[in-house]
Amino acid sequence: MMKKTTQFMLSMVATAIALSASTAYAQEQEDGINVGGAVRVNYGYKDYSEASKDKGGDLTFDMAAIKFNGKKGDWGLAAEYRFTSSTDYIKYGYGYYNIDPDWQLQFGINKVPFGNRDFISNSWWFGIPYYLGFEDDHDVGIKAVYEKNGWHTDLAFYKNPEYGPTENKRYATDLYTGTINGTEYHNEETNQFNVRQTYTLEHEGGSTTLGGSVQYGQIYNSKTGNNGDRYAVALHLDSSYKGWNLQLQAMQYEYDAADAVDPNKIGVSVVSWQYEIASKGQAYSANIAKTFDTDWGSVKCYNDFGVMTPDVADNSYDNSMQNVTGCAIAAGPTYTMVDFVMGKNMTFSTANNDHVGLPEVGNDWDKRVNINFGYYF
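When the letters of the sequence shown are read in order and numbered with mature numbering (1 follows the signal peptide of the UniProt record, and there is no 0), they come out as residues -26 to -1, 1 to 351.
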C-alpha cells in the first residue's frame, strides 16, 4: 500500500495545471508556438500510517511538465509531456484545424468529452469519476467541437487509449491487462464513441452550464479474441454566481467484458498503479467552491464530495466515498493546493481498500493532508 500511494504522490498533478489554463481549442492566440510548463513538489501526511506520523509526513518531487501550443492560420497543435521521479508519460498531444468560427476538428491524443466540460472536482485529488475512467481522460482519436450562442457540442471517436493495455504509466484511468490480486485480466479499450451536449446560460453575477454525456465502446479480450462492450451516461451542471461555484453530476457506467473470470469487477490502471473497480455502478458528485480575489492573486476554497454505488450481482460489494476540503492559492506564477482528504472504501485515500466499489475492509473513514506547490512558466 505504501508503494502505490508514493507513486501516486509523485505522478499526479493534473488538476492544478488544468485549472490554471484553458484548453487549446478555446484559446485565442497569434500565429507561432508558445512553450510553457511547470515544476511541482508535494507534501503528504497520512493519519492512518504510523511511519508518516512518526516522520511528520513526506516532502517529495511531484513532477515537471513541458507544454506546447502552436498555431499557424487555421492549423494548430497542443501537447503536454510529464516527468516524475519514477517515470514519464504524455498527457495529450494533438493537432487541430479550425473549419470555421464555430467548428474545430482535433486529431491525436485529445480530451475525451464526458461529464462536466472542465472537471468534476476542484481539488488536486480529482473526483471519484477519475478513478473509474471518466474524468480528464485522454485517448487517441478524432473529435469535432462546435460552439455558438451558448451551445457546445462534442462528437468524438477514439480507437484506443494513449498507451497499451499492459502499461500502467498513464495520466488517466484506462482498462488494464495483467494480474491484480490474483485475478488475470485481458481487457483492452477499443472503438469508443462519445457525444456531449451542453448549453451555457449567462445571468447576472455568473453563468450556468447544463449538459449530458453518452459514451459507448468495445472491450477486446486479447486472450480469447472476443469482444464485450461498455457504456456510460451522465447529467451535469456547473453554475457560478458572484464568486460561488456549484458542480453537480450523476452518472451510470458498465464494463461488460467478454469471458470475464468474475463479471462483478474489472481491472484498471493509472499513474503507475493498477487496481480493481466494480464493473457496474453509479457515481454522484456534489462540489461547492468560493473564490476570493486578493491584491496578490486569488484564493478558492472548496468542498468536493463523491460517492460510488456498485450495481453488481454480488451483494457484498460496498459503496466508496471521498470528501476533499481545501483551498487553492494563486499568486503570480505559483499555484498551491492544500487539501484535507477523507476516504472510505476508496483507492489512494484509504489504508486497506485499494479498489473502488468492492467489499470493504473495515468500516472507517481514513484521513490525510496533502499540499501541492507548483511554479508555472
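From the three backbone atoms N, C-alpha and C, an ideal C-beta is built for every residue, glycine too.
Just so you know, these numbers come straight off a predicted model, no measurement behind them.
- For Leu106, there is no enclosing beta strand (DSSP E); the enclosing alpha helix (DSSP H) covers residues Ile102 to Leu106.
- For Lys27, there is no enclosing beta strand (DSSP E); the enclosing alpha helix (DSSP H) has its first and last residue at Glu24 to Lys29.
- In this structure, Gly89 lies near Phe108, with their beta-carbon atoms less than 8 Å apart.
- The beta-carbon distance between Glu136 and Asp113, rounded to whole angstroms, is 6 Å. This is short enough to meet the 8 Å contact definition.
- By the 16-neighbour rule on beta-carbons within 10 angstroms, Glu24 is exposed.
- Each of Met37, Val298 and Val13 was checked against the Cα of Val315, and the nearest Cα belongs to Val298.
- Here DSSP, grouped into helix, strand and coil, assigns Lys143 to coil.
- Proximity to Asn200 across Ala206, Tyr215 and Gln192 peaks at Gln192, based on C-alpha coordinates.
- With respect to the 8 Å criterion, Asn195 and Asp230 are not classified as neighbours on the basis of their beta carbons.
- Between Ser246 and Lys143, the gap from beta carbon to beta carbon is short of 8 Å.
- Membership of Asp340 in the beta strand (DSSP E) is indicated by the continuous run Asp340 to Tyr350.
- Counting only the Cα atoms, Asn219 lies some 14 Å from Ala302.
- By alpha-carbon distance to Thr153, the top candidate from Asn8, Tyr105, Lys239 and Ala39 is Lys239.
- In this model, Met311 and Ala38 are separated by some 16 Å (Cα to Cα).
- Taking a 10 Å sphere around the C-beta of Thr198, we find fewer than 16 other C-beta atoms and assign the residue as exposed.
- Between Gly317 and Asp340, the C-beta gap is smaller than 8 Å, which places the two residues in contact.
- Taking C-beta separations shorter than 7 Å and ignoring five residues to either side along the sequence, the partners of His160 in its chain run Thr151, Asn195, Ser196 and Lys197, following chain order.
- Between the C-alpha atoms of Ser181 and Asp212 there is a straight-line separation of about 8 Å.
- Setting aside the 5 residues that flank it on each side, Phe266 is surrounded in the same chain by Gly217, Ser272, Val273, Lys274 and Cys275, each with a C-beta closer than 8 Å to its C-beta; the list follows chain order.
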